[in-house]
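Position one of the sequence shown corresponds to residue 34 (the working numbering), numbered consecutively onward.
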Amino acid sequence: MIPTKTVRLPEYEYQSLRLPRGTTRNAARQLLTEHAEYGNWELDRLRLFPDGSRTVRLKRKIIRQVRSTW
């Protein structure tokens with residue numbers, strides 16, 4: 034039997050934001066930039082609806098501390 038190495042995929046937490054119809058592109062960019070810089074969020078999905086509103090889904094890695102076994 035050949036030993037295999039187990040690879041753990043990163044786990045993410047998600048946050049959804051709803052931007053109303055009147056939000057400018059510049060205001061949306063500024064909001065997302067602040068979330069990215071200060072909260073370590075990255076863009077997962079952005080949906081633009083026909084009425085002009087946007088739904089944004091952000092994600093960030095959940096960092097788990099590894100237990101030492103010594």
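For each residue, glycine too, the CB sits at the ideal point set by N, CA and C.
Because the structure is a prediction, the values reported are computed rather than measured.
Beta carbon of residue i nearer than 7 Å to that of residue j
{"i": "residue 90", "j": "residue 73", "result": "no"}
{"i": "residue 50", "j": "residue 61", "result": "no"}
Within-7 Å CB hit, residue i to chain C
{"i": "residue 61", "result": "The chain labelled as chain C is not found in the depicted structure, where only one protein chain is given."}
Opposing strand residues paired with residue i [DSSP bridges]
{"i": "residue 88", "result": "51, 80"}
{"i": "residue 45", "result": "94"}
{"i": "residue 75", "result": "92"}
Spatially closest choice to residue i from the options, by CA coordinates
{"i": "residue 47", "options": "69, 85, 100, 101", "result": "69"}
Rounded straight-line distance, which links the Cα of residue j to that of residue i
{"i": "residue 100", "j": "residue 63", "result": "38 Å"}
{"i": "residue 82", "j": "residue 57", "result": "14 Å"}
{"i": "residue 78", "j": "residue 65", "result": "12 Å"}
{"i": "residue 45", "j": "residue 85", "result": "28 Å"}
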